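Worksheet for the structure shown next.
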Amino acid sequence: MVTALQTARRDVPKYLEALASRGGSFAEVYLVMGCFWTGEACVGALDGVASTRVGYLNHNEVVEVQPAFGADLVSVVADATKRGCATEVYVTNQETRAALAKASIASTLTSDRFSYSAKDDKYALRNNLQSIKLSPEQATRVNAAVANGGDPLPWLTPKQRASRVIGNAR
426 MVTALQTARR
436 DVPKYLEALA
446 SRGGSFAEVY
456 LVMGCFWTGE
466 ACVGALDGVA
476 STRVGYLNHN
486 EVVEVQPAFG
496 ADLVSVVADA
506 TKRGCATEVY
516 VTNQETRAAL
526 AKASIASTLT
536 SDRFSYSAKD
546 DKYALRNNLQ
556 SIKLSPEQAT
566 RVNAAVANGG
576 DPLPWLTPKQ
586 RASRVIGNAR
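In case it helps, the numbering used here puts the sequence shown at residues 426 to 595.
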């Protein structure tokens with residue numbers, strides 16, 4: 426669908442962009458920040474990110490990153506650190522650490538397990554948007570939009586928009 430719209434030189438709706446970004450598995454890259462709610466909002470707004478999850482690793486609040494389909498993980502991490510979305514980077518394999526080192530991005534290799542915190546995930550969605558069923562990719566983008574004072578509506582399908590009274594969606 427996205428390719429057809431692009432070929433026809435038509436605008437691609439944001440909600441289709443989000444769904445088309447669906448990557449594979451999470452990259453086992455964890456971005457450390459003082460507050461994962463703020464970090465998740467920052468990381469979720471970056472190009473190249475399909476979705477995020479928050480949790481704990483090595484007693485730190487972290488955001489786990491799922492890169493978008495075709496995105497370069499090193500570029501995503503570089504952008505996140507440049508924008509202040511992360512104070513430290515944890516990785517779980519030597520290959521990822523070596524790739525980040527080539528780009529002059531320091532990382533710490535860890536064997537500790539990520540502990541997902543469902544109660545803290547997508548904190549900014551705790552408003553009247555929380556009852557809308559969102560894909561993980563949409564939830565990441567809508568959460569980032571709301572947390573950063575942006576408009577979440579472009580990330581919703583027409584059916585999702587119609588299912589809510591949108592006047593108070595922000």
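Just so it is clear, CB atoms sit at the ideal spot from N, CA and C, and this is done for glycine as well.
All values reported here derive from a predicted model rather than from experimental measurement.
Just curious, the beta strand (DSSP E) that residue i is in, first and last residue?
i	result
Arg522	It is not in any beta strand (DSSP E) - Arg522 instead sits in the alpha helix (DSSP H) that spans Gln519 to Lys527.
CB residue i to CB residue j, shorter than 7 Å?
i	j	result
Ala496	Ala505	no
Leu453	Thr533	For the record, residue 453 in the displayed sequence is Glu; it is not Leu. No, the pair does not count as a contact, with Cβ atoms beyond the cut-off.
Asp546	Leu482	no
Gly480	Tyr541	yes
Ser446	Thr565	no
Pro583	Val567	no
Ala572	Ala443	no
Gly469	Ala569	yes
Have a look at the options and flag the residue whose alpha-carbon is nearest the alpha-carbon of residue i.
i	options	result
Ile557	Lys547, Ser588, Phe539 and Thr565	Ser588
Pro492	Val567, Pro561, Thr428 and Pro577	Pro561
Asn553	Ala543, Gln585, Glu520 and Cys460	Gln585
Gly509	Thr428, Met458, Glu520 and Ala570	Met458
Phe461	Pro438, Asn485 and Val474	Asn485
Asp368	Ala528, Phe451 and Phe494	Here the chain has residues from 426 to 595 only, and residue 368 is not among them.
Gln555	Phe539, Ala528 and Leu581	Leu581
Thr535	Gln519, Gln431, Lys544 and Pro438	Gln519
Phe539	Thr432, Arg434, Pro438 and Arg478	Arg478
Leu559	Lys507, Ala528 and Pro579	Pro579
What are the start and end residues of the alpha helix (DSSP H) that includes residue i?
i	result
Ala445	Lys439 to Ala445
My guess is that residue i and residue j are in contact by the Cβ rule of under 8 Å, so how many angstroms apart are they, rounded?
i	j	result
Ala503	Ile530	6 Å
Val488	Leu456	5 Å
Val499	Val474	With 8 Å as the limit, Val499 and Val474 do not qualify as a contact, their Cβ atoms being about 13 Å apart.
Val514	Phe451	In fact, because the Cβ distance is near 14 Å, the residues do not count as touching under 8 Å.
In chain order, which continuous runs of the alpha helix (DSSP H) of length 4 or greater are located wholly inside the stretch 454-518?
461-469 and 498-507
Continuous alpha helix (DSSP H) assignments of at least 4 residues falling wholly in the stretch 548-595:
561-572 and 583-587
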